[in-house]
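Scroll down for the structure; my scribbles are underneath it.
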Amino acid sequence: MTDKPLPTDPFFKHTDLTPESAREIVKQGLKGADYGEFYQEVVERESIVKDKGEFTSVSVGDSKSGFGFRVGQEERVGYSFSDVFNEAALKDAVGRARQVLKDKPQAEEKQSPPKVATELYPQQNPMQNMELAEKIAKIDEIEAYVKQLDPRITNVTLQYASTSKNVHIITAEGDSLVDQRPNTALYIRVTLTDKDGKSETGMALTGGPVDCTAVFDESSWKKGAAKALHQAEMLLIAEEAPAGVMDVVLNHGWPAVILHEAIGHGLEGDFNRRGISVYSGKIGQQIAGPEVTVVDQGNLPGERGSLHFDDEGTPTQENVLIENGVLKNYMQDRQNAQLMGVEPTGNGRRQSYAHTPMPRMTNTYFRNGTHDPADIIKSVKDGLYIEDMGGGQVDITSGKFNMNCTLAYRIRDGKLCEPVKGATLVGDGLTVIKSITMVGNDLSIEKSAGMCGKNGQSVVVSCGQPTVRVSNMTVGGSKKQAPKAP
Numbered sequence: 001m002t003d004k005p006l007p008t009d010p011f012f013k014h015t016d017l018t019p020e021s022a023r024e025i026v027k028q029g030l031k032g033a034d035y036g037e038f039y040q041e042v043v044e045r046e047s048i049v050k051d052k053g054e055f056t057s058v059s060v061g062d063s064k065s066g067f068g069f070r071v072g073q074e075e076r077v078g079y080s081f082s083d084v085f086n087e088a089a090l091k092d093a094v095g096r097a098r099q100v101l102k103d104k105p106q107a108e109e110k111q112s113p114p115k116v117a118t119e120l121y122p123q124q125n126p127m128q129n130m131e132l133a134e135k136i137a138k139i140d141e142i143e144a145y146v147k148q149l150d151p152r153i154t155n156v157t158l159q160y161a162s163t164s165k166n167v168h169i170i171t172a173e174g175d176s177l178v179d180q181r182p183n184t185a186l187y188i189r190v191t192l193t194d195k196d197g198k199s200e201t202g203m204a205l206t207g208g209p210v211d212c213t214a215v216f217d218e219s220s221w222k223k224g225a226a227k228a229l230h231q232a233e234m235l236l237i238a239e240e241a242p243a244g245v246m247d248v249v250l251n252h253g254w255p256a257v258i259l260h261e262a263i264g265h266g267l268e269g270d271f272n273r274r275g276i277s278v279y280s281g282k283i284g285q286q287i288a289g290p291e292v293t294v295v296d297q298g299n300l301p302g303e304r305g306s307l308h309f310d311d312e313g314t315p316t317q318e319n320v321l322i323e324n325g326v327l328k329n330y331m332q333d334r335q336n337a338q339l340m341g342v343e344p345t346g347n348g349r350r351q352s353y354a355h356t357p358m359p360r361m362t363n364t365y366f367r368n369g370t371h372d373p374a375d376i377i378k379s380v381k382d383g384l385y386i387e388d389m390g391g392g393q394v395d396i397t398s399g400k401f402n403m404n405c406t407l408a409y410r411i412r413d414g415k416l417c418e419p420v421k422g423a424t425l426v427g428d429g430l431t432v433i434k435s436i437t438m439v440g441n442d443l444s445i446e447k448s449a450g451m452c453g454k455n456g457q458s459v460v461v462s463c464g465q466p467t468v469r470v471s472n473m474t475v476g477g478s479k480k481q482a483p484k485a486p
């Protein structure tokens, strides 16, 4: 992470521009704009897939690069991008984007020089510390190890993927910011088949903003293999989930995907500026119980959704969205912050140089509460414990959702009982946070999983929570739940 491009950076290797000349063109191009920036990226990827004992895909050296230039004036936005980076292309992009500006004096955007956080993740290419042959050999080793764990294993799928995204941003003040954003993952899928021919599959994902050596570390992949196998074993003996209204306990960590989807999107600034979120106009109101505090924080060291600065050049920070049940803030990019009369929060994000930024989440989580997780389970007489979540459908403005549970357990008289599968959680975010009655003290943020889609753009995110109890939640399943006693 540096505050300006260096000779060793990949941005100016094949261009007639220098860092100084690019900054001057951008600075002049942003005059008269309310907000805007130059955004450049150079992305390198590699991946390896082994399935059914065969390497089905090996991709190395996959790279792309390009830049985008944006100017904004009130709600008007001009944006031009190109995969060719030279003086002519940059000047052409500036000219095209500036066509949205009105011919009248405009106050320049007041931006103080960016102050970037301390290093949150390694500033190096995550693929370079192992040769391709070493990675292939490691995948063979992992496959052999997993297969011998259980004679019922009929297939092992392994997928390794690593990305290095180099980002260069020039702000209206002519300040340059450079970041190298690593992301590496190892996906392990285990299929078990019993003597009757019934099969189930368990999955685990390891990784984060780390070097490739981290996911190929023996302790890491063995832990992932054990998790995938356990999930497959439980699903193989699981009964069909009950249906009805019941108390639900959500495991810590990844089940916070409900928070992300059903609550987090509704707290993004663009939806609230337009008044289409269920949270619009509710700043200062009590919208949840006093134990509920929701935070989006992009400057957490080592977390999947962390960034030194967002895709507009704003340093990331801790944003308390809901505090003790009271709605405090929304997540903002520069455009929506200016139009709403507030400060940007470091949440302006984009999929690539071909996209304009918008308010997006980073690492979104419930803060710790006071309850021991075991006591939360003990408090439920008859309900469901959600160990792991899958996908689902969400209306991100209303917060209405239908989310699939990968694996759950029945709770009876305060004890975890038999595993169940096929459960779905149905509801809306505002009702859910009002129905949270207990929050645990075991906060865990998911480091390996999380991709968020919005308006056709996908970005890397993360979410987390402690163990949480939600009262009277609607659960879909194939078995009908007996009505609660009056």
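First residue of the sequence shown? That's 1 in the working numbering, and the numbers climb one at a time after it. In this text, a Cβ means the ideal position worked out from N, Cα and C, and glycines have one as well. Small disclaimer: the values here were computed from a predicted structure and weren't measured.
Nearest-angstrom Cβ-Cβ length linking residue i and residue j, presumed shorter than 8 Å
i: glycine 72; j: alanine 33; result: 6 Å
i: leucine 430; j: isoleucine 377; result: Not quite, the Cβ-Cβ distance comes to about 26 Å (not below 8 Å), so this is no contact.
i: valine 245; j: threonine 474; result: 6 Å
i: proline 344; j: aspartate 333; result: 6 Å
i: valine 461; j: threonine 362; result: 6 Å
i: glycine 202; j: histidine 230; result: 7 Å
i: aspartate 247; j: valine 100; result: Their Cβ separation, rounded to whole angstroms, is 53 Å, which puts aspartate 247 and valine 100 out of contact at 8 Å.
i: glycine 440; j: histidine 371; result: 5 Å
i: phenylalanine 67; j: tyrosine 39; result: 7 Å
i: tyrosine 353; j: glutamate 41; result: 5 Å
i: leucine 262; j: glycine 399; result: A small correction: the amino acid at residue 262 is alanine; leucine does not occupy that position in the sequence shown. Their Cβ separation, rounded to whole angstroms, is 5 Å, which keeps alanine 262 and glycine 399 in contact under 8 Å.
i: glycine 174; j: lysine 27; result: 4 Å
Residue i (DSSP reduced to helix, strand or coil)
i: lysine 135; result: helix
i: leucine 17; result: coil
i: glycine 429; result: helix
i: phenylalanine 271; result: helix
i: alanine 238; result: coil
i: histidine 260; result: helix
i: valine 278; result: coil
i: lysine 454; result: strand
i: threonine 397; result: coil
i: threonine 467; result: coil
i: valine 460; result: strand
i: proline 483; result: Confidence in proline 483 is poor, its pLDDT being 44 and thus under 50, which makes the residue's placement unreliable; the coordinate value appears in the next sentence. Residue state, collapsed to three classes: coil.
i: threonine 213; result: helix
i: threonine 474; result: strand
i: phenylalanine 55; result: strand
i: isoleucine 493; result: Because residue 493 is not part of the residues shown, which for the chain are 1 to 486, the question remains open.
i: proline 113; result: In this prediction, proline 113 scores a pLDDT of 49, lower than 50, which makes its location untrustworthy; no coordinate-derived value is stated.
i: histidine 308; result: coil
Sequence-distant residues of its chain with Cβ nearer than 6 Å to residue i (five each side left out)
i: isoleucine 25; result: Leu90
i: proline 255; result: Ile386 and Met389
i: glutamate 268; result: Met331 and Pro359
i: leucine 307; result: Gly298 and Thr316
i: valine 215; result: Thr184, Leu186, Thr206 and Gly207
i: glutamine 393; result: Asn402
i: glutamine 180; result: Gln123 and Asn166
DSSP bridge partner residues for residue i (one or two, in chain order)
i: glutamate 46; result: Ser162
i: glutamate 37; result: Arg70
i: tyrosine 187; result: Gln159 and Leu205
i: isoleucine 169; result: Tyr39 and Leu177
i: leucine 384; result: Val248 and Arg410
i: glutamine 297; result: Glu318
i: methionine 438; result: Arg469
i: isoleucine 377; result: Note: isoleucine 377 sits in no beta bridge, so no partner.
7 Å Cβ shell around residue i - same chain, five flanking residues per side excluded
i: threonine 193; result: Arg152, Thr154 and Ser199
i: proline 466; result: His252, Phe366, Asn368, Gly369, Val439, Gly440, Asn441, Asp442 and Leu443
i: glycine 450; result: Arg304, Gly305, Val460, Val461, Ser462 and Cys463
i: glutamate 109; result: Because glutamate 109 sits at a pLDDT of 48, beneath the cut-off of 50, its placement in the model cannot be relied upon, and the following sentence gives the value as read from the coordinates. Taken in chain order, the residues that qualify are Ala33, Asp34, Tyr35 and Ala172.
i: valine 342; result: Gln332
Short CB-CB distance (under 9 Å) between residue i and chain B
i: aspartate 211; result: Absent from the structure: chain B. Only one protein chain is present.
Among the options, the one whose alpha carbon lies nearest that of residue i
i: arginine 45; options: Pro10, Asp62 and Gly36; result: Asp62
i: glutamate 312; options: Ser280, Gln351 and Gly284; result: Gln351
i: glycine 207; options: Gly197, Asp196 and Ser219; result: Ser219
i: arginine 274; options: Thr397, Val470 and Asn166; result: Thr397
i: proline 419; options: Phe12, Leu235, Asp83 and Phe366; result: Leu235
i: aspartate 395; options: Met340, Gly264 and Ala337; result: Gly264
i: threonine 157; options: Ser80, Thr56 and Leu101; result: Thr56
i: aspartate 382; options: Gln180, Ile276 and Pro242; result: Pro242
i: threonine 15; options: Val58, Tyr79 and Asn86; result: Asn86
i: proline 10; options: Val342, Ala88 and Ser65; result: Ser65
i: isoleucine 445; options: Met438, Asn455 and Arg367; result: Arg367
i: serine 176; options: Val439, Phe309, Arg76 and Asp103; result: Phe309
i: valine 249; options: Cys405, Asn319, Pro301 and Lys223; result: Cys405
Sequence-distant residues of its chain with Cβ nearer than 8 Å to residue i (five each side left out)
i: threonine 213; result: Asn129 and Met130
i: alanine 225; result: Ile142, Tyr145, Val146, Leu149, Ile188, Val190 and Ala204
i: lysine 135; result: Ile48, Tyr160, Cys212 and Phe216
i: isoleucine 287; result: Tyr279, Ile322, Gly325, Val326, Leu327, Leu430, Ile433 and Lys434
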